[in-house]
Amino acid sequence: MLTSDNAFSTALALILSMDNALISIVVLSLQVSLVAVIIASLIALPLGAALALWRFPGRNVVIIALNALMGLPPVVAGLCVYLLLSRAGPLGAWGLLFTPTAMVIAQVILVLPIIAALTRQQVEALHSEYAEQLNSLGLTRLRMIPTLLWDARFGLITVILAGFGRASAEVGAVMIVGGNIDGVTRVMTTSIVLETSKGNLPMALGLGIILLALVTMINAIAHIIGETAKRRLG
Amino acid sequence: MNAHYAPPTATLELDSVGFIHRGHTLLKPTTLRLTGCQRTLIMGPNGAGKSLLMRLAHGLLTPTSGTVHWQGAPPAQAMVFQRPVLLRRSALNNLTYVLAIHKTARQNRKSQAMSALERFGLAHLAKRPARVLSGGEQQRLALARAWLLNPQVLFLDEPTSALDPAAIKAVEDAVLEFHHSGTRIVMTTHDLHQARRLADDVLFLHNGELLEHTSANDFFTAPSSREAGAFIRGELVW
Numbered sequence: 001m002l003t004s005d006n007a008f009s010t011a012l013a014l015i016l017s018m019d020n021a022l023i024s025i026v027v028l029s030l031q032v033s034l035v036a037v038i039i040a041s042l043i044a045l046p047l048g049a050a051l052a053l054w055r056f057p058g059r060n061v062v063i064i065a066l067n068a069l070m071g072l073p074p075v076v077a078g079l080c081v082y083l084l085l086s087r088a089g090p091l092g093a094w095g096l097l098f099t100p101t102a103m104v105i106a107q108v109i110l111v112l113p114i115i116a117a118l119t120r121q122q123v124e125a126l127h128s129e130y131a132e133q134l135n136s137l138g139l140t141r142l143r144m145i146p147t148l149l150w151d152a153r154f155g156l157i158t159v160i161l162a163g164f165g166r167a168s169a170e171v172g173a174v175m176i177v178g179g180n181i182d183g184v185t186r187v188m189t190t191s192i193v194l195e196t197s198k199g200n201l202p203m204a205l206g207l208g209i210i211l212l213a214l215v216t217m218i219n220a221i222a223h224i225i226g227e228t229a230k231r232r233l234g
Numbered sequence: 235m236n237a238h239y240a241p242p243t244a245t246l247e248l249d250s251v252g253f254i255h256r257g258h259t260l261l262k263p264t265t266l267r268l269t270g271c272q273r274t275l276i277m278g279p280n281g282a283g284k285s286l287l288m289r290l291a292h293g294l295l296t297p298t299s300g301t302v303h304w305q306g307a308p309p310a311q312a313m314v315f316q317r318p319v320l321l322r323r324s325a326l327n328n329l330t331y332v333l334a335i336h337k338t339a340r341q342n343r344k345s346q347a348m349s350a351l352e353r354f355g356l357a358h359l360a361k362r363p364a365r366v367l368s369g370g371e372q373q374r375l376a377l378a379r380a381w382l383l384n385p386q387v388l389f390l391d392e393p394t395s396a397l398d399p400a401a402i403k404a405v406e407d408a409v410l411e412f413h414h415s416g417t418r419i420v421m422t423t424h425d426l427h428q429a430r431r432l433a434d435d436v437l438f439l440h441n442g443e444l445l446e447h448t449s450a451n452d453f454f455t456a457p458s459s460r461e462a463g464a465f466i467r468g469e470l471v472w
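Chain order of the listed sequences is A and B. The first sequence stops at residue 234 when you use the working numbering, and every number in between is there. The second sequence stops at residue 472 when you use the working numbering, and every number in between is there.
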């Protein structure tokens with residue numbers, strides 16, 4: 001009989017045992033998701049800002065597509081990356097399938113639309129407030145991008161966290177392109193799936209609790225940094 | 235130091251400039267010539283088109299008819315808005331930012347920005363976030379920012395409408411300081427007392443139409459249009 005009591009005690013025992021296998025799973029999970037979010041942010045923040053500032057034919061189509069891609073099912077993203085990276089695929093020669101790099105690529109595809117679409121919204125709102133002043137100062141649109149991103153930074157922290165949440169929580173994409181190989185591509189979410197299917201529910205739940213705690217901690221740190229800075233800067 | 239000098243005065247010519255937005259004529263075709271280093275006040279009731287005329291002159295908006303033209307090269311310009319738009323950073327960094335935009339050498343930015351803060355009585359607030367300053371301080375910071383641009387023409391759009399009397403005085407002093415250093419002033423206001431204190435000449439707008447462009451003296455003593463007369467007497471004009 002599974003009780004929440006033995007799930008918590010299993011989680012606690014897991015943490016206290018400092019099991020090497022567990023630590024490597026946790027570290028890999030964080031590595032893959034953080035690297036994916038950093039890469040996605042580097043592309044999506046300027047992309048979202050540019051989309052907010054430029055008017056061109058087909059702009060609405062791009063915005064709708066980005067918004068729709070926010071809901072892209074992870075397994076579909078995983079499948080696409082799988083097809084690209086598999087031996088027979090166009091990028092098969094790179095030998096990336098079932099490596100952490102493949103998992104990062106898949107998560108970048110999942111996270112990028114979220115960050116780009118939400119950045120577009122935030123920057124567009126800020127731009128409507130700043131536009132006259134920045135035009136009066138003689139700024140080009142290209143030069144406005146870093147200014148607006150920096151001034152929207154408190155809102156953008158939340159945007160990036162939303163991206164991180166998506167990356168750390170998803171299982172479908174990393175399962176397909178990573179393969180859940182013990183010691184190589186096994187991360188927390190894929191372990192939970194595995195333990196659940198083995199019937200080791202206390203272990204699965206214990207891993208779930210650890211994952212939740214880590215994500216909460218990262219969000220708390222970002223929130224505290226953001227709120228402190230916001231209060232200081234008004 | 236900030237090398238303010240008396241620049242060659244530029245002449246702004248508006249030739250039949252009109253502005254229509256969604257079928258509404260917001261500014262009827264207006265022909266106008268602003269020359270010399272004067273303090274021009276644009277007056278009129280709310281919705282007369284004062285801010286619109288100023289934005290067209292500054293180049294923030296493109297007229298739907300007619301042309302806005304500077305004789306010779308367009309001069310350095312700056313604009314101060316009714317609600318100052320300050321960046322989410324310190325007062326000092328708001329100023330070094332515009333110096334960076336205008337390609338001032340990095341090692342000179344801080345000293346120039348500090349001297350502008352001192353000039354407008356803001357030196358003690360240099361490190362404060364610009365957004366938490368009071369309304370009057372924010373507007374002075376906007377003026378300090380404009381000062382660093384060395385404008386030959388300074389546009390001000392009702393810069394004192396949300397301020398208390400002390401802050402209004404500070405802004406008016408700043409406007410005079412700009413003028414003394416050779417900057418042409420173009421400013422909107424609906425405050426008659428302020429216009430009497432500051433104006434060399436007056437543009438009077440009503441319902442999107444330029445009704446008068448005369449010296450301040452003539453405008454206040456003998457306005458030629460019925461609407462301007464009513465406006466000066468404080469009667470509502472619609």
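Just so you know, even glycine gets a beta-carbon here, dropped at the ideal spot from N, CA and C.
For E247 (chain B), the enclosing beta strand (DSSP E) stretches over residues 246-255. Taking a C-beta distance under 8 Å as the contact criterion, A380 (chain B) and V314 (chain B) qualify as a contact pair. Comparing alpha carbon positions, the residue from B:L383, B:L320, B:V409, B:S368 closest to D398 (chain B) is B:S368. The beta carbons of E406 (chain B) and R374 (chain B) sit about 11 Å from each other, so the pair does not count as a contact at 8 Å. Just measuring C-alpha positions, the residue of A:I225, A:S24, A:L83 sitting nearest A173 (chain A) is A:L83. Rounded to whole angstroms, the separation of the alpha carbons of E129 (chain A) and L148 (chain A) is 10 Å. In the three-state reduction of the DSSP assignment, T274 (chain B) falls in the strand class.
Using a Cβ-Cβ distance cut-off of 8 Å, the stretch 25-43 of chain A and the stretch 73-81 of chain A are not in contact, since fewer than three pairs of beta carbons, one from each stretch, lie closer than that value.
Below the 8 Å Cβ cutoff, chain B contributes R322, R323, P363, R365, V366 as neighbours of L233 (chain A), in chain order. In the DSSP assignment, M70 (chain A) falls outside any alpha helix (DSSP H) and carries neither an H nor an E.
T338 (chain B) and D151 (chain A) have their C-alpha atoms spaced approximately 22 Å apart. For the stretch 285-301 of chain B, the beta-carbon criterion of a distance under 9 Å to any beta-carbon of chain A is satisfied by R289, H292, G293, L294. A Cβ-Cβ separation of about 4 Å places L85 (chain A) in contact with L97 (chain A) under the 8 Å criterion. With respect to the 8 Å criterion, H440 (chain B) and E461 (chain B) are classified as neighbours on the basis of their beta carbons. Given a length threshold of 3 residues, each whole run of the beta strand (DSSP E) inside the stretch 403-441 of chain B is given here in chain order: 418-422, 435-440. Think of a sphere of 8 Å around the beta carbon of I335 (chain B): the chain A residues whose beta carbon falls inside it are L137, G138, L139, R143, in chain order. Here G48 (chain A) is buried: its Cβ has 16 or more other Cβ atoms, across all protein chains shown, within 10 Å.
Only those residues of the stretch 371-404 of chain B whose C-beta falls short of 7 Å from the nearest C-beta of chain A would be listed, and there are none. R267 (chain B) is bridged by DSSP to B:E247.
Contact annotation for E170 (chain A) against chain B: no contact, minimum CB-CB distance about 33 Å [criterion: below 8 Å].
Assignment of K344 (chain B) by DSSP, reduced to helix, strand and coil, places it in the helix class. Looking from the CA of G95 (chain A), the closest CA among A:V61, A:V123, A:L42, A:V177 belongs to A:V177. Cβ contact annotation for F154 (chain A) (same chain, cutoff 6 Å, sequence separation greater than five): G226, K230, in chain order. Ranked by Cα distance from T296 (chain B), the first of B:A310, B:V387, B:L329, B:L260 is B:L260.
The continuous alpha helix (DSSP H) containing A173 (chain A) extends over residues 172-178. Annotated as distal: L437 (chain B) and I466 (chain B), with beta-carbon spacing of 8 Å or more.
Within the stretch 103-133 of chain A, those residues whose Cβ lies closer than 8 Å to any Cβ of chain B are, in chain order, E129, Y130, E132, Q133.
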